[in-house]
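Those sequence lines, one after another, are chains D and H. Residue numbering for the first sequence follows my numbering, beginning at 31 and increasing consecutively. Residue numbering for the second sequence follows my numbering, beginning at 16 and increasing consecutively. In this text, a Cβ means the ideal position worked out from N, Cα and C, and glycines have one as well. Note sheet for the following structure.
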Amino acid sequence: MAYATIVGIEVVYAIATLILVSLGLAIIFGMMRVINLAHGEFLVMGGYAATIAVHHGVNVWIAILIVPPIAVGLIGLVVERAVIRFLYGRMVETMLASWGLSLLIVGLLTTIFGSSTEGVPMPLSGFTIGAYQASGYNVFVIAFSLLTLGAVYVLLRFTRLGLLARGTMQNAAMAAALGVDTTKVYAVTFALGAALAGLAGGVLAPVAGIVPTSGGSYIGQAFITVLGGGAAALTGVTSAALLFGSVGQAATFATNPVFGSVALLLAAVVLIRILPNGITGRYFKGWL
Amino acid sequence: MKIAGIRLDLIVPGVCGLALLFGLPIFLDLFSLLQVTLYAIMAILALSLAFIWGYGGILCLGHSAFFGLGAYAYAIAVINIGESTAPFLIAILVPTLAAAAVGYFMFYGRISDVYVGVMTLTLALILFNVVNSTSGAQYHIGKAPIGGYNGLPNVPGLNVPFDPDNSLDPGDMYYLCMGLLIVVYFGLRWLLTTRFGRVAVAIRENEKRVEFIGYDSRLHKLATFTIGGGLAGLAGCLFVNWGAYVSPTTFSMMQSAQVIIWVLVGGVGTLFGPMIGAVALSWLTVEVGSQQLIDANLLFGAILLVFVLLVPRGIMPVLIDRVWGRISLPRRPVFTAPPVAAREGKR
């Protein structure tokens with residue numbers, strides 16, 4: 031029983047991290063049709079923001095939950111204004127440009143911080159279930175992912191900003207004709223996606239070591255989650271994360287983490303063959 | 016391009032290629048010749064992507080997957096077999112089959128260009144992670160360990176087919192790589208003149224129209240992609256032979272990015288440009304690697320960004336337009352349909 035609980039927590043944790051890591055990417059892709067290949071680097075910058083804040087004596091919770099989204103959100107704003115806005119509607123060019131950006135950021139981070147591994151101390155201690163030790167922070171990550179998902183849903187569904195954003199993404203010309211400043215909406219949406227990426231980087235900073243190149247270990251999972259999910263950002267990510275998270279974690283328990291990630295990829299390839307437009311391309315149509 | 020009925024576009028590269036093949040060993044010392052061998056290998060890799068991206072219109076962002084598979088397939092096979100004839104073929108066969116399998120799921124699922132890019136990128140990422148984390152002694156194929164992040168050192172080199180005692184020295188390797196580059200270049204040029212090649216290019220231009228005419232675009236895309244994967248594997252196999260060493264970095268993002276940059280800088284939709292791009296930027300990689308001031312990622316990221324934003328067509332097409340525009344007669348105005356992307360880009 032205790033073991034089953036532990037396994038259950040691990041599976042839910044895998045799903046929660048997938049949601050957290052993919053959410054920013056899904057917002058930017060689902061709402062703006064922009065595939066941001068620098069997403070992993072946004073996460074890493076969130077991690078660095080958290081470590082810098084901790085080194086300067088900031089409270090660890092503020093350092094991982096408040097500082098990274100603000101810092102990376104601002105960077106996202108600059109990136110949108112400087113690069114992305116020239117490339118709207120040209121998906122391939124956007125991908126390549128954001129890949130260039132990703133390499134550029136890796137280079138900059140290496141130049142500034144060197145290639146040694148940074149970290150943030152674990153703010154929560156573990157607890158025991160029966161004979162097993164469980165990580166309290168993992169439970170926090172699960173709760174926090176759900177909270178973030180809910181907050182983003184409320185923001186997009188019930189606020190004026192969310193309404194303007196959804197309207198602009200559906201029909202930019204019509205929104206502009208009704209007096210919406212669409213360039214501003216695009217910029218804010220991109221910054222929101224970047225801020226979510228930064229937040230994920232901050233939240234995961236205590237569990238993952240941070241090096242300039244660690245973005246690569248996140249983006250594979252984030253991309254297949256977003257692609258598997260399809261056009262509807264929130265429903266898509268949640269359903270795809272449920273599927274891939276359980277498949278990957280089950281394979282991890284059966285073998286090891288390496289084959290867990292292989293199982294995840296295979297599941298994604300098969301899913302793409304059956305549902306080329308992702309899960310929300312066929313089910314949950316019109317959901318957010 | 017014809018002047019006085021002579022196919023300049025065939026003769027110039029042919030003469031240049033043969034001149035380099037037989038001329039360079041006379042003028043260069045062995046060290047420089049080794050460098051040129053590497054450039055030739057990278058040029059083959061560039062050609063493989065130039066074919067599937069520039070002509071097939073398939074954006075493969077994870078091309079290092081096939082490069083790395085070729086490299087590892089050769090290394091593992093040659094350690095097990097000991098003689099290089101079969102491993103050489105296996106090194107081409109494994110990535111070809113991998114490309115065919117992945118391509119089947121992608122093209123028969125009819126996923127869009129952008130998804131193809133992301134899927135291939137993910138494939139390369141996961142292969143990198145798998146190979147990078149299988150360093151223990153329990154991970155082995157036959158006699159060969161996979162080696163994890165340490166890679167496989169001391170991989171036996173190629174020998175004359177069916178003659179294990181007669182292995183190729185660096186000079187022979189130069190002739191082999193340069194010769195294969197010439198063969199691959201003209202092979203692709205020939206392939207593009209065939210019915211298959213023309214359909215592949217037509218699919219790049221407008222997939223729907225090609226299907227209406229009655230061609231199976233899925234099958235043609237799959238074949239294009241598979242050929243590209245096999246050629247990348249060939250480059251990977253030669254690369255292992257060049258350094259007698261293979262490491263997971265053959266699968267890395269940086270490797271994929273570099274191939275994309277070579278093709279983009281040289282010119283998408285040409286074969287000659289990407290070869291130039293590969294040589295020039297491989298040279299730059301070596302130069303950057305020998306100093307500490309500028310990080311390689313920083314430099315290549317900046318190059319990629321600048322070219323996407325400012326020179327999206329690449330150097331070769333721009334140069335051809337400039338030079339050819341000067342020396343040839345003014346062109347007749349040609350009616351061109353607006354680019355497909357402009358009409359169908361926003362879904």
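Task: Contact list for Val175/H against chain D, beta-carbon separation under 9 Å - done: Near Val175/H there are no residues of chain D at all, since even the closest Cβ is about 38 Å away, more than 9 Å.
TODO: Find out if the Cβ-Cβ distance for the pair Ile240/D, Glu148/D is shorter than 9 Å.
DONE: In this structure, Glu148/D lies closer than 9 Å to Ile240/D by Cβ.
Task: Thr47/D burial status per 10 Å Cβ neighbour count (16 or more: buried) - done: Residue environment for Thr47/D: buried (at least 16 other C-beta atoms within 10 angstroms of its C-beta).
Task: Straight-line Cα distance separating Arg337/H from Arg347/H - done: Residue placement at Arg347/H is flagged as unreliable, the pLDDT there being 49, under the threshold of 50; the coordinate-derived value follows with that caveat. When rounded, the distance between both Cα atoms is 16 Å.
Task: 7 Å CB neighbourhood of Val37/D in its chain, flanking five on each side removed - done: Closer than 7 Å at Cβ, skipping near neighbours: Phe283.
Task: Endpoints, beta strand (DSSP E) assigned at Ile273/H - done: Note on residue identity: the sequence assigns Gln, not Ile, to residue 273/H. Per DSSP, Gln273/H belongs to no beta strand (DSSP E); it is in the alpha helix (DSSP H), 268-281.
Task: DSSP-derived helix/strand/coil call for Pro160/H - done: Shown here, Pro160/H sits in a strand according to DSSP, grouped into three states.
Open item on the list: Quick check: is the beta carbon of Ile126/H nearer than 9 Å to any beta carbon in chain D?
Closed with: Yes, because at least one Cβ of chain D sits closer than 9 Å to the Cβ of Ile126/H.
Task: Contact set between Arg303/D and chain H, taken where Cβ atoms lie within less than 9 Å - done: For Arg303/D, the neighbours in chain H by C-beta distance under 9 Å run, in chain order, Tyr119, Phe120, Met121, Tyr123, Gly124, Ile126.
TODO: Anything in the segment 133-151 of chain D with a Cβ closer than 7 Å to a Cβ of chain H? List those residues in chain order, please.
DONE: Cβ contacts with chain H: Leu133, Leu134, Val136, Gly137, Leu138, Thr140, Thr141.
TODO: Would you give the residue range spanned by the beta strand (DSSP E) that Ile159/D belongs to?
DONE: According to the DSSP assignment, Ile159/D belongs to the beta strand (DSSP E) that extends over 157-159.
Task: Limits of the unbroken alpha helix (DSSP H) element including Ala65/H - done: Under the DSSP assignment, Ala65/H falls outside any alpha helix (DSSP H); it carries neither an H nor an E label.
- [ ] Ignore the nearest five residues each way along the sequence and tell me which others in Ala252/D's own chain have a CB closer than 7 Å to its CB.
- [x] Cβ neighbours of Ala252/D beyond the five flanking positions: Val51, Ser52, Leu55, His69.
Task: Test: Ser247/D CB closer than 9 Å to a CB of chain H - done: Using beta-carbon distances, Ser247/D counts as an interface residue toward chain H, with a partner under 9 Å.
Open item on the list: Using a Cβ-Cβ cutoff of less than 8 Å, which residues in the same chain neighbour Glu359/H once the five nearest sequence positions on both sides are dropped?
Closed with: Residue placement at Glu359/H cannot be trusted, given a pLDDT of 47 that sits under 50; the coordinates are not used to answer.
Open item on the list: Let me see if you follow: with CB-CB separation under 9 Å, is Gly130/D close to chain H or not?
Closed with: Yes, because at least one Cβ of chain H sits closer than 9 Å to the Cβ of Gly130/D.
TODO: Say yes only if the C-beta of Phe177/H is nearer than 8 Å to one or more non-hydrogen atoms of the ligand ADP, and no if none qualify.
DONE: Absence of the ligand ADP is noted for the structure shown, with no ligands found whatsoever.
Task: Gly186/H versus Ile335/H, Leu45/H, Asp24/H, residue with shortest Cα-Cα distance - done: When Ile335/H, Leu45/H, Asp24/H are compared, the shortest CA-CA separation from Gly186/H is found for Leu45/H.
Task: Backbone secondary structure at Ser262/H - three-state DSSP - done: Coil.
Task: Residues near Ile304/D by beta carbon distance below 6 Å, same chain, minus five either side - done: Taken in chain order, the list of residues that qualify is empty.
Open item on the list: Can you tell me whether Cys31/H is buried or exposed? The criterion is at least 16 other CB atoms within 10 Å of its CB, across all chains shown.
Closed with: Cys31/H should be labelled exposed.
- [ ] Can you pull the chain H residues whose beta carbon is under 8 Å from the beta carbon of Leu295/D, in chain order?
- [x] Going along chain H in sequence order, the residues near Leu295/D (Cβ under 8 Å) are Thr137, Leu138, Ile141.
Open item on the list: Rounded to the nearest angstrom, what separates Val214/H and Ser175/D at their Cα positions?
Closed with: For Val214/H and Ser175/D, the gap between their C-alpha atoms comes out near 48 Å.
Open item on the list: Let's test the definition: count the other Cβ atoms within 10 Å of the Cβ of Arg210/H and tell me whether it reaches 16, buried, or not, exposed.
Closed with: Exposed, by the Cβ-count rule.
- [ ] Indicate the three-state DSSP secondary structure (helix, strand or coil) for Gly98/H in the structure shown.
- [x] The amino acid occupying residue 98/H in the given sequence is Glu; Gly does not appear at that position. Glu98/H falls in the coil class under three-state DSSP.
TODO: Could you list the residues in the segment 250-274 of chain D with a C-beta less than 7 Å from some C-beta on chain B, going in chain order?
DONE: Any reference to chain B falls outside this structure, whose protein chains are D and H.
Task: Member of Arg328/H, Tyr89/H, Leu319/H whose CA lies at the smallest distance from the CA of Gly245/H - done: Comparing Cα positions, the closest option is Tyr89/H.
Open item on the list: Assuming contact is defined by CB atoms lying nearer than 9 Å, are Gly335/D and Gly137/D in contact in what I supplied?
Closed with: With chain D represented from 31 up to 318, any question about residue 335/D goes unanswered, as that position is not in the structure.
- [ ] State yes or no: is the beta carbon of Phe350/H nearer than 9 Å to at least one beta carbon in chain D?
- [x] With a pLDDT of 49 at Phe350/H, under the threshold of 50, the predicted position of this residue should be treated as unreliable, though the coordinate-derived value follows. Under the Cβ distance rule, Phe350/H does not count among the residues neighbouring chain D, no pair being separated by less than 9 Å.
Open item on the list: I want to know whether the segment 79-96 of chain H touches the segment 222-234 of chain H - three or more CB-CB distances under 8 Å.
Closed with: No contact exists between the segment 79-96 of chain H and the segment 222-234 of chain H.
Open item on the list: For Ile240/D, list the residues DSSP reports as bridge partners.
Closed with: The partner list for Ile240/D (beta bridge, DSSP) reads Glu148/D.
Open item on the list: Along the chain, where does the beta strand (DSSP E) containing Ala164/D start, and where does it finish?
Closed with: Run containing Ala164/D: 162-164, per the beta strand (DSSP E) assignment.
Task: Minimum Cβ-Cβ distance from Ala195/D to chain H less than 9 Å - done: No, because no Cβ of chain H sits closer than 9 Å to the Cβ of Ala195/D.
Task: Segment contact, 8 Å Cβ cut-off, at least three pairs: the segment 68-87 of chain D with the segment 120-137 of chain D - done: Of all C-beta pairs linking the segment 68-87 of chain D to the segment 120-137 of chain D, three or more are shorter than 8 Å, placing the two stretches in contact.
Task: Interface flag, Ile65/D vs chain H, CB-CB below 9 Å - done: Against chain H, the CB of Ile65/D has a partner CB under 9 Å away; the residue lies at that interface.
TODO: Following the continuous alpha helix (DSSP H) through Asp128/H, name the residue where it begins and the one where it ends.
DONE: Boundaries of the alpha helix (DSSP H) around Asp128/H: 128-147.
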